[in-house]
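A quick write-up on the structure given underneath.
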Amino acid sequence: MTAVITATNLSKWYGNVLGLNDVSLEIERGITGLLGPNGAGKSTFMKLITGQLKSNIGTVAIRGRKVWNNPALFAGIGFCPEHDVFYEDVTGFEFITGLLRFYGYSASDIKERAARALDIVELTKDKDRLIRGYSRGMRQRVKFAQAIAHDPEIVILDEPLSGLDPLGKRKLIKLIKDFKSEGRTVLVSSHVLPEIEALTSRIVLLHQGKILAQGDIPYIRELIEAHPHMISVRSSDPRALAARFVGDPAIQKMTFGADGRTLVVETHSRDAFFGRLIGAVLEGGVEVEEISSPDDNLQAVFEYLVGK
Amino acid sequence: MNARKSIGEIFGFFFFLGRRTGKIRVFALLGLVPVALAVVVRVVLHGRSGDIAAVFTEILMVFFLQFYIVILSLFYGTSVVAEEVEGRTLSYLITRPLPKPAIVLGKYAAYALLMFLMVAVSLTPSYFIMNAARLAEPSLYLTFLGYLGVLGLGILAYTAFFTFLGAVLKRGILVGLVFGFGWENVIQYFPGSTQKFSIVHYLKSLLPYRPARGGGGRLALLLFKLEPTSPAVAVLMLAVVAGVLLALACWFFRTKEYLYEE
Amino acid sequence: MATIREKGYSHWDGKLGERRFPWWPITRTGIQLAFRKKRFKFVFAGSFVPAVVFLVGLYISERLEDFKSFLQGSDRLLNINPNYFKTYFTNDSLLFLIVLVLGFAAAGLIADDLKHNSLQLYFSRPLRKKDYLLGKMSVIFFFVLILTAVPGLLLLLFKLIFAGSFKFFLDYPWLPLSILCYSALLTVFFAFYVLFLSSLSKNTRYVTILVFMIYIFSDILFGILEGIFHKPGVALFSIKANLQQAGAFIFGQKLPFAVPAVWSFLILAGICVLSAAVLNRKIRSVEVIK
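This is the structure in structure tokens:
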């Protein structure tokens, strides 16, 4: 498949701070998830490919055409910014129609497209209310509507799910997936792995301005699985508990917490360990007070991958 | 879209937006002050039409020329770029198929027209109330058009200057205030041709009525030590100032990256 | 079997350890933020130009013999007395510079909080409304006092040093009190004036314009009305004229406008009361209800 968006050795500095570091990436049709913690460079990358920033080194092109100061290109691109910002003194309908004017459509076409976009995001009923009176979810949806109203071939969504309630998230995820099924290119960023997982299996992991990993979710999972999981068990007698696991091949390493009540276990097989832990508790003699996984989050995944 | 149509669409959008904001009400309210004052002048100087003409130039024009159009242009001029960056709405504009200079020119035109309408709405009643006794004289209307033209040119030149500041500097308003209320006022005290390094000098040179020296009391400052430039040169200079500064603003806006404050 | 513990919210029953100056972090942050603006540092440094000019005047007044050839009859301007100090405090440029400094250092004090919806964050901490306002006002106190009381007292000190005697102080023992009183008046007035305007909008640039616009407009209105009526009473329309009138009164000098000074004090106090009422309403409207 040919790449729609091509970034070659892309680097971007903000003064002394490196925002993006030698990123080369090809994005194809379908949904691509850009995953990374805050400050990883996701927004910088998105701003570079939407011509809002100019790279210090490297190039970015959409279908082989440079992006910076190439307005004609934007007829086919829809961008949904991360920040919750609007022209607040207009209604949702006026906001969408106002922005649609910049594509050269006729007045009737503008109205029709705006109505359709607002219908897609289920805002038809509230289209004549001022945006400043919209709820967070409505604002997020109208922001999405302005990105798709002109029927773009490429949609770039910067943290579109942030601040939405679970129901709102589910609806927006469905909308994005529908968009993909029409053969378009969608690039979505998030710092929440399950959100991206719900949208696509193709992800790019960014960390500290660099691409950490790239591929489909099973591949990333494999990378993660290659590193041991850390599980912390607080117990009345952690040493007695540790004695039960010494001969267990699933356990890589065991250490004791400074409080004298915690056993920290590193294992490749989390399920096997939990099975044995339940067995140990049922056998009696050890009282477990708390089980937690200090690395069960995206940051920990990144820390594994960068080898911390 | 071609550049002209882009400018037109941006103009339409921001002319509409500009009318919607609450700030326009505050500025328009300020424009009612000369109307109220005109009524007062009319009552106080009843029957002294010669004095009224002097009062208009020496007193009310101070409000329009050295305060109202400067404050309006400062706010709306710096808004052309700065409000998009401060409000982070710039992303909505520069990810559209619009040439970047069209954004600057379209917003500039929209805001300049808004300001001109505010000024016209304020100037028209205040002028004709003050000159109600001379409504039959054709010269009255020519003089009025002269005042309106001077203020219109002032809006174009000042707004271009402040648009340029807003495009180049992060907090252009600081420099704008020092320029608008410092430099433009202080420069008339400077000797020789120094006063020609201000916008207000050319505007004053175009005023249709020039009172005798020493008139106007505290506000005779308006024409203090004015060594007028010929009208043609004054208009040309204002057009050049507006044109060059707008071109520079467009160039900066096209080449500069605008980063949002975190 | 391990006990399963409830992990829900629990109410804290302890006693809040109150800080002595809960407003101080707000003040410190406000001052620090002002100095982070690159151009502000230049403006702030430039605001001391009047103080330097008056200091040079003081020096020359003590060395009149050395500067005789330069002065040529203008030495009466350098007659150092309370009027000299009044002139420093009420001159147009110092008042303009105070407005300029506050337009940049203080316009966003409340406007930025409104923009970022951070009032709730303030009031979710052990902070009362008066602490919040005091914290914000103290930022203005800092900037105004540093441009008024500090140079004023330093000028007095230098006068004594240059003269090499306490005679000037003994002649006018109340002068330090006048300096402090007038500085306090300017500080309190500008604190209310700027915070009031800052609470009216979320847009700092617009507030900056308002701070200037109202100050300058009031003076222009005074000029226009004076041009029409030729009556000194119209000076009361001008913020600047009222401040100058109050200054002349506090320094025991001839009033610049033939209007009783009490009117100026009343007008300035009225603006403060109106500002306080608006601030009370604006800040309360988003306060978290306990």
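First to last, the protein sequences are chains A, B and C. Just so we're aligned, residue 239 is where the first sequence starts under this note's numbering, counting upward by one. Just so we're aligned, residue 47 is where the second sequence starts under this note's numbering, counting upward by one. Just so we're aligned, residue 166 is where the third sequence starts under this note's numbering, counting upward by one. Don't be surprised by glycine CBs; every beta carbon is placed ideally from N, CA and C.
Cβ pair residue i, residue j closer than 8 Å
i	j	result
A/N254	B/K146	no
C/F269	C/F205	yes
A/L361	A/G330	yes
A/T520	A/V471	Note that residue 520 of chain A is Leu in the sequence shown here, rather than Thr. Going by C-beta atoms, A/L520 is not nearer than 8 Å to A/V471.
A/I269	A/I414	yes
A/F317	A/I394	yes
B/R85	B/I175	Before going further, note that residue 85 of chain B is Val rather than Arg in the sequence given. Yes, they are a contact pair.
A/V503	A/F483	yes
A/L286	A/L248	yes
C/F357	B/F227	no
A/R379	A/I369	no
A/V426	A/G271	yes
C/I414	C/A426	The sequence given here places Phe at residue 414 of chain C; Ile does not occur at that position. Yes, they are a contact pair.
B/A280	B/S244	no
C/P247	C/S343	yes
Reference residue i; option with closest CA among the options
i	options	result
C/L312	C/V221, C/F261, C/T194	C/F261
C/Q410	C/N256, C/T192, C/R228, C/F186	C/N256
B/E55	A/D327, A/A241, A/I295, A/R339	A/R339
A/D327	B/G64, B/L75, B/A178	B/G64
A/N294	A/Y252, A/S281, A/G401	A/Y252
C/A328	C/S226, C/V438, C/S429, C/F354	C/S226
C/T252	C/L365, C/C437, C/F416	C/F416
B/V150	B/L305, B/E303, B/W297, B/R66	B/W297
Interface residues of chain B facing residue i [CB-CB closer than 7 Å]
i	result
C/F269	L220
C/M378	I117
C/F308	In chain order: nothing, as chain B lies at least about 15 Å away.
A/Y372	Chain B residues near A/Y372: none, gap ~15 Å exceeds 7 Å.
A/H321	R134
Chain C residues whose Cβ lies nearer than 8 Å to that of residue i
i	result
B/I105	G388, I389, G392, I393
Residue i versus residue j - alpha carbon distance
i	j	result
B/Y138	B/E130	9 Å
B/G262	C/L198	Low confidence applies here, because B/G262 scores a pLDDT of 47, under 50, leaving its location unreliable and the question unanswered by this model.
B/K153	A/E332	17 Å
A/G336	A/A387	11 Å
B/L265	C/L386	Reliability of the predicted coordinates at B/L265 is poor, the pLDDT of 47 falling under 50, and the value obtained from them is presented with this limitation in mind. When rounded, the distance between both Cα atoms is 10 Å.
A/K222	A/V305	Only positions 239 to 546 of chain A appear in this structure, which leaves residue 222 of chain A out of reach.
C/A167	A/G375	Note that C/A167 scores a pLDDT of 48, beneath 50, so its modelled location is shaky and nothing firm can be said.
C/Y297	B/V221	31 Å
C/L267	B/S185	46 Å
C/S348	C/L310	6 Å
C/R185	C/V304	18 Å
B/T141	C/I381	40 Å
C/T352	C/I432	16 Å
C/S383	A/G371	36 Å
B/T301	A/A241	28 Å
A/R303	A/G453	25 Å
A/H506	A/L444	24 Å
C/L130	C/A216	Given a span of 166 to 455 for chain C in the structure shown, any question on residue 130 of chain C remains unanswerable.
C/G330	C/Y249	It is worth fixing the name first, because residue 330 of chain C is Ser in this sequence and not Gly. Straight-line Cα distance between these residues: approximately 18 Å.
A/S428	A/A451	15 Å
A/V524	A/L479	6 Å
A/G522	A/P487	22 Å
A/S262	A/L399	26 Å
A/P466	A/K412	34 Å
C/R290	B/V87	56 Å
Short CB-CB distance (under 8 Å) between residue i and chain E
i	result
A/A299	No chain E is present in this structure, whose protein chains are A, B and C.
Residue i: contacting residues in chain A (beta-carbon distance under 8 Å)
i	result
B/K51	G342
B/K146	N307, P309
Residues that residue i contacts on chain A, provided the C-beta gap is smaller than 7 Å
i	result
B/T140	The sequence as given places Ile at residue 140 of chain B; Thr does not occur at that position. In chain order: G289, Q290.
B/L151	The premise fails here: B/L151 is roughly 14 Å from chain A at the closest Cβ pair, so nothing lies under 7 Å.
B/T189	Under the 7 Å cutoff, chain A gives no residues; its nearest Cβ is about 38 Å from B/T189.
Per-residue contacts from residue i into chain B (C-beta, under 9 Å)
i	result
A/A313	M47, R142, P143
Beta-carbon neighbours of residue i, restricted to chain B and to distances below 8 Å
i	result
A/G336	F59, F62, L63
**Item:** Three or more C-beta pairs below 8 Å linking the stretch 157 to 171 of chain B and the stretch 188 to 206 of chain B
**Value:** yes
**Prompt:** Would you call the stretch 275 to 287 of chain C and the stretch 312 to 328 of chain C touching, i.e. three or more CB-CB distances under 8 Å?
**Reply:** no
**Item:** Touch test, the stretch 274 to 282 of chain C against the stretch 393 to 409 of chain C, Cβ-Cβ under 8 Å, three pairs minimum
**Value:** no
**Item:** At least three beta-carbon pairs within less than 8 Å, the stretch 117 to 136 of chain B to the stretch 276 to 287 of chain A
**Value:** no
**Request:** Check whether the stretch 102 to 113 of chain B touches the stretch 166 to 183 of chain B, taking contact to mean three or more Cβ pairs, one atom from each stretch, closer than 8 Å.
**Result:** yes
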